[in-house]
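In my numbering, the protein residues as written are 11 to 948.
Where a beta carbon is used, it is the ideal one built from N, C-alpha and C, also for glycine.
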């Protein structure tokens, strides 16, 4: 191989066009990987081209599981939760839940923001947690087929090695067949997955509406009750009585959970700087002895406290939502590793609660991010049902208040009641009425269907044995504490009558001696009182009081409101379910609510607004649902739609992307839309293609037409460009042979450019990498105080000056190399200049339209130019331009031949005779070629 050969020459020194073709195909693949792939990849993911570029080390985090802000660990953090974990210990990394590393662990594109779950634990061991049961293999289908809840589609791109696959609860499918599923529903890989692994998932998020959860009841499956309410013998004996007292006013498991959660958030501080507990009951130690902690302490304590109340709960680890860094894209970092609680609700499953003070946690993450990265960290997260917090400083609980609530869950502004028969009633509060010497009070607001305890006192003393009626219907007799329980009727108001100011008690055997004439006995046993007691009222007026009953029902809708779908509607008034109420859709009765105030409603197939109404007597509520129309758009990946080219298909319902929609092109199914509601298809070899998407019983279509017309227009444009080039060639007398020669040199030029580009890229990457490392050293020196910012600026200016000097030097060298000693193109210029001079001597009007041989024949036969000189020029020109021969070996004979042609033309213009002698030539000596050649410049 000579100095002039290229890596693309064969053994004979000629270009190996097969090798050039391979290089061109490889270049095309690189271009596609770096341009087409990013356009079709989810945001937040890297392309193959990006993976080829070395990334500098992540400053401030070697492993992503630090013990404090900016520290590194080297473990796998919450991406590798084991089957056991200590509270305050690790999860496969060094204090994973205390990590404040800003290193990205994974990126998620999801149709809904969520917490990303990696492990769940059911066995509380006092100082930590364990998982019971063995994980089972799964082929991607995780066995959730009921489809209840919000359907969530997501794609996870891991940035580091992991043995757990972050998923949204409750996962239904993942796009891998090498996974295991734990008893707690966490998804694990059979073998560690490397960074760069990506997978898709589909989950059904449980209903989290507070009103619906309040009415869920306590009908737990026995296995759930037995497994998730256990506490070890080492549990602090004070925990149950304390939690009993704390949750005394809670009338449902949901209220119990909210009460415990609120107490932890309000009474305990958030801090990463706490010592690992040394006792055998972390929950008791945190509740009674510690002032602060982080997520592990809060979550463990809430689970233990709920279990003392027989509310099934478990401990869960994974990651909080992270930072939204693009449309539906969330970057999840080491500092987002988190622990929370899941509480079980009948018919709804496991629902997430987060007792860790969310605002304080996000502010800590924000501060840590600022220490390690440029820019700000902004995040908004939804922890518990109805709770939202963010880094913008707001911290709204968001739990929907009761109707007319003043914050304590009870309605304001109850009006006075009473008919005045026993005196005027005064309003001593929204749940208490005073009528003369009597006071009638309720333990809660008068919501229809709610069980309320009525307390009757007279001058502050309980009135026992008084018969109480609700709106004229007997409900019972007050006990020795003056109390009786009854259910609020479905009416606009509640009138409570207390009869029996003078009350007589019959004997236990039912002796009614002494009963006044005309007085009807009241059977206490039949009214739910002690069977041994019988009372009768003397018929004297006691007291009556009237309370307003809330009749505006709130409707919660769970599920996707889409055409042909089903949603669960739950009606409540002040948190009390509206039972056995009629359910109407657009005025047509479709069902009835159950004892929890819930009913499943089938939505119509037509788009538009749908009114769902629930009513029972004067109690009613309604809600309008919008069933959006399915839309499809098709965008060509090429500048214009052409047969066989790509097209991006996007499906939407209103403004929301539709994941999982079936896409067909020209009647052929091509796939389903992803989490962005998009997929890429290929247009058929036809003039038009009908693109359709099907979802939720709807079909949307769009026709991409004029494909052949576009193709014809593209070809015509190309021909026009080519024709224009030909015209320009003729207009300016450019030889077509020259054009062909130039085209033949294109492969060599491309090959040479590829080699040069590769070398330049290699040097550039190496220099950039070295510069990145040096810059990192400079920054560390500045942080450590060894260098000042001024020193760094001086170094930057010196480096820029050196780069400018290199550029000027390279430009000067390139110019010198191009010019050389023989002019711009050396020997090639000599041959081409001689040929151009020869063409000037030929009488052809457009020699550029003739071949060199035709030009030579015309020059000899028509112009009578020297035959030997003409054919020497023709042969030399063809050998150099078409045969890629070395021009140096032909230069002498070319110079001699063009000199002879010039002498011939000069003699003819000077009047020479046939012998070559002019009339004025007196010496009789012919001009010699040697003498004439003196006029030819070398």
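Check, Outcome
"Strand pairing of residue 666, partner residues [DSSP]", "663"
"Outcome for residue 625 when other beta-carbon atoms lying within 10 angstroms are tallied against a minimum of 16", "buried"
"Which of helix, strand or coil DSSP assigns to residue 5", "This structure cannot speak to residue 5, because the chain is shown only from 11 to 948."
"Buried versus exposed call for residue 301 [16 or more other C-beta atoms within 10 Å across all chains shown]", "exposed"
"Beta-bridge partners of residue 399, as assigned by DSSP", "391"
"Inter-residue spacing [alpha-carbon to alpha-carbon] between residue 504 and residue 469", "23 Å"
"Exposed unless 16 or more other CB atoms sit within 10 angstroms - verdict on residue 213", "buried"
"Nearest residue (CA-CA) to residue 272, options 368, 574, 390", "368"
"Coarse secondary structure for residue 554, derived from DSSP in three states", "strand"
"Beta-carbon gap between residue 290 and residue 137 smaller than 8 Å", "yes"
"Outcome for residue 91 when other beta-carbon atoms lying within 10 angstroms are tallied against a minimum of 16", "buried"
"Reference residue 847, options 885, 911, 791, closest by Cα", "911"
"Beta-carbon proximity check, residue 218 vs residue 264, cutoff 8 Å", "no"
"Residue 734 (DSSP reduced to helix, strand or coil)", "helix"
"Segment limits, beta strand (DSSP E) that includes residue 484", "483-487"
"Cβ-based neighbour list, residue 881, same chain, cut-off 7 Å, excluding 5 preceding and 5 following", "866"
"Where the alpha helix (DSSP H) containing residue 902 begins and where it ends", "901-920"
"Simplified DSSP state of residue 163, which is helix, strand or coil", "strand"
"Close-in-space but distant-in-sequence residues of the same chain around residue 268 (CB under 7 Å, 5 per side omitted)", "none"
"Contact belief for residue 318 with residue 250 at Cβ below 8 Å, rounded distance in angstroms", "4 Å"
"Burial state of residue 669, where buried means 16 or more other Cβ atoms lie within 10 Å", "buried"
"Straight-line Cα distance separating residue 344 from residue 98", "16 Å"
"Span separating the alpha-carbon of residue 872 from that of residue 732", "34 Å"
"Identity of the residue in 228, 636, 201 nearest residue 613 by Cα", "636"
"Alpha-carbon to alpha-carbon, residue 791 and residue 31", "Interpretation of residue 31 is limited by its pLDDT of 49, a score under 50 that renders its predicted location unreliable; no figure is taken from the coordinates."
"Identity of the residue in 275, 580, 861, 728 nearest residue 622 by Cα", "580"
"Buried versus exposed call for residue 371 [16 or more other C-beta atoms within 10 Å across all chains shown]", "buried"
"Best match in 645, 727, 695 for proximity to residue 712 [C-alpha to C-alpha]", "645"
"Beta carbon of residue 651 nearer than 8 Å to that of residue 720", "yes"
"Nearest-angstrom beta carbon gap, residue 658 and residue 647 [assumed within contact, 8 Å]", "6 Å"
"Among 573, 312, 690, the one whose alpha carbon lies nearest that of residue 618", "573"
"Endpoints, beta strand (DSSP E) assigned at residue 493", "493-497"
"Pairwise C-alpha distance: residue 270 and residue 493", "29 Å"
"Spatial distance of residue 139 from residue 96 (CA atoms)", "6 Å"
"Minimum C-alpha distance to residue 376 - residue among 109, 474, 162", "109"
"Below-8 Å beta-carbon distance, residue 190 vs any chain E residue", "Note that chain E does not occur in the displayed structure, where there is just one protein chain."
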